[in-house]
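Notes for the one structure printed next.
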Amino acid sequence: MSSSPPLMGAVAAMRTQAALLLLASLVSCAPAYLGKPAGADPTTAITVGVLLFVVSFGALSKARPRSWYEERLAGMAAPPLTATVIPREQTFEIISRTLTKPLLLILVVGLVLSYATGMPAGMLLAGIACSMLRQSRWPAGREKELNGRIVCPHAPARTSDDDPHLAAYRQVPYYIVHTEPAPDAGTPRP
């Protein structure tokens, strides 16, 4: 067993989680926006949806402000030698496999609430997803500046109190894995 948790691309993981959450939450709102149940007031549904979106978007923005990211970005170093870096190509598969059950639950509960009440309850999670997408721009910009890939510990869906990597999961340290420099335009490739 490695003495450090596996590392995953922070930007790719954040964007994958946000995109999947956004899709599930918006689909769960469909009955409310399509006028189900019959007689539901569309103006009220839209107003409630916007309110839920704005409140959750703002709450996550305050809970994890830019300074949170800047602190981690400023303290970046090379990853531990014992760490396994998950390849970029595997990020979507790992994240989507981990989130399948929670996303299905969100979808079903959102559809039921939306159909039963006529209110787009999924907009609450859509606000969180959009805030995550917005926040992913900060580390993505830093990746471009450093010509590298920012990685952080990949936490499993469930952790126990005796997990040896629990502190790393809670601290969310960022590491930089430098990529090879792009070849000059005038240099022929072998």
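First residue of the sequence shown: 966, per the working numbering; consecutive thereafter.
Glycine is no exception: its CB is placed at the ideal position from the N, C-alpha and C atoms.
The alpha helix (DSSP H) enclosing residue i, as first and last residue numbers
i       : result
ASP1134 : It is worth fixing the name first, because residue 1134 is Tyr in this sequence and not Asp. 1131-1136 is the extent of the alpha helix (DSSP H) around TYR1134.
TYR1139 : Counting along the chain, TYR1139 falls outside any alpha helix (DSSP H), and DSSP gives it neither H nor E.
GLU1054 : It is not in any alpha helix (DSSP H) - GLU1054 carries neither H nor E in the DSSP assignment.
ARG1099 : 1088-1100
GLY1014 : 1007-1028
PRO1085 : First-last for PRO1085: undefined, no H or E at that position.
PRO1002 : Segment: none, PRO1002 is in no alpha helix (DSSP H) and carries neither H nor E.
Buried/exposed call for residue i, threshold 16 Cβ in 10 Å
i       : result
ARG1107 : buried
GLY1092 : buried
GLY1040 : exposed
THR1047 : exposed
HIS1119 : buried
ARG1031 : exposed
THR981  : buried
SER1101 : buried
SER1125 : exposed
GLY1023 : exposed
ARG1099 : exposed
PRO970  : buried
MET979  : buried
SER934  : Since the first and last residues shown for the chain are 966 and 1155, residue 934 lies out of range.
LEU986  : buried
LEU1017 : buried
ALA983  : buried
LEU999  : exposed
VAL1013 : buried
Counterpart residues of residue i in DSSP-defined beta bridges
i       : result
PRO1118 : LEU972
ALA1042 : TYR1140
GLY1113 : HIS1143
Residues of its chain near residue i, where Cβ-Cβ distance is below 6 Å and the 5 sequence neighbours each way are ignored
i       : result
LEU991  : ALA1091
ALA1105 : VAL976
THR1063 : ALA1122
GLY1075 : SER993, ALA1086 and GLY1087
LEU1025 : ILE1093 and SER1096
Contacts around residue i, its chain only, beta-carbon distance under 8 Å, and the 5 residues preceding and following it disregarded
i       : result
SER1079 : SER993, CYS994, ALA995, PRO996, ALA997, LYS1001, PRO1085, ALA1086 and GLY1087
GLY974  : ILE1051, ARG1053, THR1056, ARG1114, ILE1115 and VAL1116
GLN1136 : none
Residues of its chain near residue i, where Cβ-Cβ distance is below 7 Å and the 5 sequence neighbours each way are ignored
i       : result
VAL1142 : PRO1044, VAL1050, GLY1113, ARG1114 and VAL1116
(request) State whether the stretch 1107-1115 contacts the stretch 1071-1086, with contact taken as three or more CB pairs (one from each stretch) at a distance under 8 Å. (result) no
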